[in-house]
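> In our numbering, the protein residues as written are 57 to 917.
Right under this line is the structure:
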């Protein structure tokens with residue numbers, strides 16, 4: 057424990073219990089700032105880099121005596137930066153791509169799901185869909201800034217000009233960009249480019265780097281000259297710099313094009329060993345540029361770096377087969393076994409694991425590190441590798457790895473990684489291989505014809521793996537259904553007088569989509585994090601509204617966006633009513649033209665709204681919000697316009713409690729109603745009446761004083777305290793709003809030895825603890841043990857919890873009972889044990905204790 061932390065603990069003692077954690081945080085924040093509990097993440101992936109293309113040593117398998125058989129690295133080139141990363145981090149000798157080619161593997165990285173569930177079964181097929189939940193969307197819900205750089209290959213990036221494999225006029229059905237899928241920044245191509253002078257050298261199609269809708273880098277720009285990997289590293293480093301300057305954690309997905317063909321060098325070599333060597337060394341240099349930049353910014357200890365490849369080496373460029381069978385497009389080891397490294401200085405110890413990991417494991421592993429759960433019950437095919445990474449390098453997987461390609465190949469690798477069952481003819485014949493002794497897959501242990509005469513143990517292994525594959529096939533078949541069946545839900549519970557549909561068509565905005573007398577509710581976007589404050593015509597509180605009303609949603613709120621579209625085809629259809637009930641609470645409704653235009657980016661594929669000037673709610677239109685904010689009823693009169701309204705519901709991806717509404721008195725009697733959450737606003741009514749009795753904790757602000765006053769109010773519902781506070785004020789997930797706010801807390805007026813006080817929680821004692829929008833059963837630890845209010849427990853939280861517990865109970869036995877070192881030093885592991893012991897003895901349910909792998913002390917900056 058640092059001296060600063062010790063000092064802060066001593067100061068805490070003078071505050072009453074209800075304010076302990078607040079005092080701890082505010083007194084200490086400028087003296088010793090603990091590391092963010094959620095690290096930065098950089099996930100790098102090469103394109104067509106084989107397992108043997110690395111220049112460091114890694115294990116292939118074992119001989120019959122159990123002695124390791126190691127691969128010494130490629131003799132053709134050196135990769136010193138990747139070698140350093142491998143030496144400092146954790147190497148996976150058995151890392152796998154989820155597919156034999158590019159696009160499906162990329163889909164698995166972003167979603168943790170088999171690409172077959174997403175209809176991305178091969179390169180240049182399907183697109184990343186609105187209904188999938190990506191690692192970018194999870195990260196943004198936690199306050200990360202996100203960027204994707206390099207090769208996208210999960211949809212076209214333009215519908216306006218011919219570009220790459222699929223982009224161009226009419227490509228609406230395959231249009232999907234990183235910006236639509238949880239990323240704030242993109243610098244990407246749809247598909248391959250040359251490894252040198254990427255957009256001009258040796259390209260048979262025009263392929264651009266895109267930075268946003270309609271925004272691309274000129275093909276002959278100086279920024280497009282030189283090594284492509286260096287260009288990607290440059291843009292990645294700019295993004296990282298901006299994130300650090302903004303004090304935001306970041307997620308950077310870095311998908312290099314190298315060494316995918318065309319492979320060029322400055323000397324005119326193309327697709328040969330000389331060009332390949334040059335490209336691989338430049339790839340290594342780019343990795344070094346990113347690692348060096350992270351170190352220069354002082355964030356290396358707070359940053360996870362990962363590296364892998366999307367599949368094995370290309371046929372004809374497999375210069376380093378390393379004894380593995382076949383290459384790209386094949387499910388034998390040479391096609392899917394790829395390099396794998398994870399580095400997190402001072403947190404992940406260096407070493408090697410032979411436990412298999414697959415690219416679908418990235419998302420569930422990050423969810424585990426972030427200590428959040430998947431947002432719904434849709435199948436995730438990857439598993440968290442946190443136990444292997446942090447605790448047990450010999451641990452087995454939680455489930456088998458299943459692969460399937462479109463060339464009749466299908467296979468499954470068991471949980472211990474030793475045995476692999478593979479078919480190359482759509483399951484007509486299966487072969488079982490021992491990958492430890494026969495990593496080259498030359499001698500099958502058994503096949504479909506011989507398994508009946510094999511020993512019992514072999515039959516058990518064979519049949520178990522075959523059953524795993526069969527169960528997976530059944531699960532995927534249930535997932536791959538249309539629209540809002542299978543894994544997907546539109547989150548609409550019921551509708552009357554309208555219909556519900558998927559994404560709006562491209563020509564919606566120009567008024568071509570006539571609806572007759574029936575309004576259509578389109579699901580525009582799922583799980584979109586608001587990038588800025590959004591003005592709406594109404595919030596989700598019960599009442600009747602029109603386009604003349606106003607409210608505000610704060611930056612960082614995660615929403616589902618729906619568009620109600622009503623375009624009658626005749627004069628006798630202009631009046632309509634429609635009622636929609638959602639599974640999530642309505643956050644805001646937009647019906648005015650200017651506000652609709654300002655929020656059109658929330659439409660997933662961005663229909664051509666810009667061509668329409670007649671979309672809005674009329675002044676004669678209106679809506680009523682019912683059912684505690686879950687139902688909206690429209691009264692429509694589309695006499696002059698195409699009636700449209702955007703309904704935003706609070707996505708289940710929000711990592712904060714349900715929002716509540718407060719009122720701001722702006723002046724002249726004008727009241728602005730705004731949505732806030734308990735992440736941002738928390739107060740405790742404490743011991744006595746007066747300003748000193750109350751504390752307001754601000755979340756997401758960079759300092760600034762909060763003035764607080766209180767007064768007794770015996771009118772209305774009985775004795776109460778009115779808290780008046782002024783900004784800057786953190787609203788929703790972090791945006792700042794200036795203004796004056798009032799919040800009334802009702803309770804029982806009582807008298808004790810200190811004078812008149814207010815009993816807030818009804819226990820007969822002065823004060824009490826209140827957390828807006830939270831469950832009372834969680835109040836104690838949420839107040840005293842989670843300063844971030846985001847279900848992540850760090851050392852500051854635990855120290856505050858321990859101090860609060862001791863002050864409340866007078867318990868002086870902490871050191872003796874919960875010091876695993878028995879040396880009078882309390883470390884984070886002791887604190888975790890202390891907290892878990894406390895929770896196990898409580899009669900109410902608390903948030904689960906931190907996962908056991910988080911034993912590394914949180915470092916001070």
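Every residue, glycine too, gets a C-beta built ideally from N, C-alpha and C.
#1: My parser needs the alpha helix (DSSP H) runs of 4 or more residues fully inside the stretch 128-160; what are they?
#2: Can you tell me whether residue 295 is helix, strand or coil according to DSSP?
#3: Helix, strand or coil for residue 473 per DSSP?
#4: In three-state DSSP terms, what is residue 101?
#5: On the premise that residue 257 lies in contact with residue 325, defined as a C-beta separation below 8 Å, what is that separation, rounded to the nearest angstrom?
#6: Compute the beta-carbon to beta-carbon distance between residue 336 and residue 135, rounded to the nearest angstrom, for a pair I have assumed lies under 8 Å.
#7: What distance in whole Å lies between the Cβ atoms of residue 150 and residue 412, which are believed to be in contact at a cut-off of 8 Å?
#8: Which whole-angstrom value is the C-beta distance of residue 415 and residue 164, which I expect to be below 8 Å?
#9: Is the CB-CB distance between residue 647 and residue 603 below 9 Å?
#10: How should residue 95 be labelled, buried or exposed, when 16 other C-beta atoms within 10 angstroms of its C-beta is the threshold for buried?
#11: By DSSP's criteria, residue 37 is part of a beta bridge. Which residues make up the other side?
#12: Do residue 690 and residue 678 come within 9 Å of each other at the CB atom, strictly closer than that value?
#13: Measure the CB-CB distance between residue 160 and residue 177 and report whether it falls below 9 Å.
#14: Could you check how far apart the C-beta atoms of residue 622 and residue 549 are, in whole angstroms? I think they sit under 8 Å.
#15: Here's the rule I'm using: 16 or more other beta-carbon atoms within 10 Å means buried, otherwise exposed. How should residue 735 be labelled?
#16: Note the first and the last residue of the continuous alpha helix (DSSP H) segment covering residue 342.
#17: Counting only runs that start and end within the stretch 232-298, where is the beta strand (DSSP E) found for 3 or more residues in a row?
#18: Excluding sequence positions up to five away, which residues of its chain have a Cβ less than 8 Å from the Cβ of residue 633?
#19: For residue 437, does the three-state DSSP call read helix, strand or coil?
#20: List the residues that DSSP assigns as beta-bridge partners of residue 212.
#21: Which one of 251, 391 and 98 has the shortest CA to CA distance from residue 157?
#22: Go through the stretch 622-684 residue by residue and report every complete run of the beta strand (DSSP E) that reaches 3 residues or more, in order.
#23: Should residue 537 be labelled buried (16 or more other beta-carbon atoms within 10 Å of its own) or exposed?
#24: Judging by CA-CA distance, which residue of 374, 674, 489 and 207 is the nearest neighbour of residue 250?
#25: For residue 137, which option in 339, 402, 501 and 643 has the closest C-alpha, if you only look at C-alpha atoms?
#26: When the Cα of residue 374 is compared with those of 639, 121, 626 and 132, which residue comes out closest?
#27: Output the distance between the C-alpha atoms of residue 814 and residue 597, rounded to the nearest integer angstrom.
#28: Quick one: what's residue 968 bridged to in DSSP?
#29: Among the residues of its own chain, which have a CB less than 7 Å from the CB of residue 501, if the five just before and after it don't count?
#30: What span of residues does the alpha helix (DSSP H) with residue 539 cover, start to end?
#31: Just list the residues that DSSP pairs residue 703 with in beta bridges.
#32: Just to confirm my understanding: we take residue 215, look at its own chain, exclude 5 residues before and 5 after, and list those with CB closer than 6 Å. What are they?
#33: With DSSP collapsed to three states, give me the class of residue 446.
#34: With distance defined between alpha-carbon atoms, name the residue in 331, 369, 401 and 394 nearest to residue 920.
#35: Contact between the stretch 437-453 and the stretch 498-512 is defined here as three or more beta-carbon pairs at a separation below 8 Å; is this criterion met?
#36: Tell me, please, whether the stretch 308-319 touches the stretch 97-116 by the rule of three or more beta-carbon pairs shorter than 8 Å.
Once the coordinates are examined:
#1: 136-144
#2: Here residue 295 corresponds to residue number 239 of the chain shown, with the count starting at 1. Here residue 295 sits in helix by DSSP.
#3: Counting from one through the chain shown, the residue named residue 473 turns up at place 417. Residue 473: coil per DSSP, three-state reduction.
#4: Taking the first residue of the chain shown as position 1, residue 101 is located at position 45. The answer is strand: DSSP assigns residue 101 an E or B state.
#5: Residue 325 sits at position 269 when you count from the first residue of the chain shown. Residue 257 sits at position 201 when you count from the first residue of the chain shown. The pair is not a contact, with the Cβ atoms about 11 Å apart (cut-off 8 Å).
#6: For the purposes of this step, residue 336 is taken as the residue at position 280 of the chain shown. For the purposes of this step, residue 135 is taken as the residue at position 79 of the chain shown. Going by Cβ atoms, the distance from residue 336 to residue 135 rounds to 7 Å, so yes, they are a contact pair.
#7: As a working mapping, residue 412 is identified with position 356 in the chain shown. As a working mapping, residue 150 is identified with position 94 in the chain shown. That pair is a contact at about 4 Å.
#8: Along the chain shown, one-based indexing puts residue 415 at 359. Along the chain shown, one-based indexing puts residue 164 at 108. With a Cβ gap of about 5 Å, residue 415 and residue 164 count as contacting.
#9: Reading the chain shown from its first residue, position 591 is the one you call residue 647. Reading the chain shown from its first residue, position 547 is the one you call residue 603. Contact flag set, yes.
#10: For this step, residue 95 is matched to residue 39 along the chain shown. Burial call: buried.
#11: A question about residue 37 goes unanswered here, because the residues of the chain that appear run from 57 up to 917.
#12: Locating residue 678 in the chain shown gives position 622, where the first residue counts as 1. Locating residue 690 in the chain shown gives position 634, where the first residue counts as 1. Yes, the pair counts as a contact, with Cβ atoms nearer than the cut-off.
#13: Start at 1 with the first residue of the chain shown, and residue 160 comes out as number 104. Start at 1 with the first residue of the chain shown, and residue 177 comes out as number 121. In contact: residue 160 and residue 177 (Cβ atoms closer than 9 Å).
#14: Working through the chain shown from its first residue, we reach residue 622 at position 566. Working through the chain shown from its first residue, we reach residue 549 at position 493. Actually they are not in contact, since the Cβ atoms of residue 622 and residue 549 sit about 21 Å apart, beyond 8 Å.
#15: Translated into the one-based positions of the chain shown, residue 735 becomes position 679. Note that residue 735 has pLDDT 24, beneath the 50 cutoff, so the model's placement of it is unreliable and no number is given.
#16: Taking the first residue of the chain shown as position 1, residue 342 is located at position 286. First-last of the alpha helix (DSSP H) with residue 342: 329-352.
#17: 241-245 and 266-268
#18: For this step, residue 633 is matched to residue 577 along the chain shown. The residues are 553, 689, 690, 691 and 692.
#19: Here the question's residue 437 lines up with position 381 in the chain shown. Coil, per DSSP.
#20: Start at 1 with the first residue of the chain shown, and residue 212 comes out as number 156. BP columns for residue 212 point to 231.
#21: For this step, residue 157 is matched to residue 101 along the chain shown. Answer by Cα proximity: 391.
#22: 631-638, 642-646 and 678-682
#23: Along the chain shown, read from residue 1 onward, the residue named residue 537 stands at position 481. By the 10 Å Cβ count, residue 537 comes out exposed.
#24: Mapped onto the chain shown, residue 250 falls at position 194. The residue with the shortest Cα to Cα distance from residue 250 is 207.
#25: Position 81 of the chain shown, counted from the first residue, corresponds to residue 137. Of 339, 402, 501 and 643, the residue nearest in Cα terms is 339.
#26: Here residue 374 refers to the residue found at position 318 of the chain shown. Here the closest residue by C-alpha is 132.
#27: Your numbering for residue 814 matches position 758 in the chain shown. Your numbering for residue 597 matches position 541 in the chain shown. With a pLDDT of only 44 at residue 814, under 50, the local geometry of the prediction cannot be trusted, and no value is derived from it.
#28: In the structure as shown, the chain begins at 57 and stops at 917. Residue 968 is therefore absent and cannot be evaluated.
#29: The sequence position of residue 501 within the chain shown is 445, counting from 1. Only 488, 489, 490 and 514 meet the Cβ criterion.
#30: Position 483 of the chain shown holds residue 539. No alpha helix (DSSP H) holds residue 539; DSSP gives it neither H nor E.
#31: Sequence index remark: in the chain shown, residue 703 carries index 647 (1-based). The partner list for residue 703 (beta bridge, DSSP) reads 618 and 645.
#32: The count along the chain shown starts at 1 and reaches residue 215 at position 159. These residues qualify, in order along the chain: 227, 228 and 231.
#33: For the purposes of this step, residue 446 is identified with residue 390 of the chain shown, where counting begins at 1. In the structure shown, residue 446 sits in a helix (DSSP, three-state: H, G or I).
#34: For the chain, the structure presents residues 57 to 917; residue 920 sits outside this window and is missing.
#35: no
#36: yes
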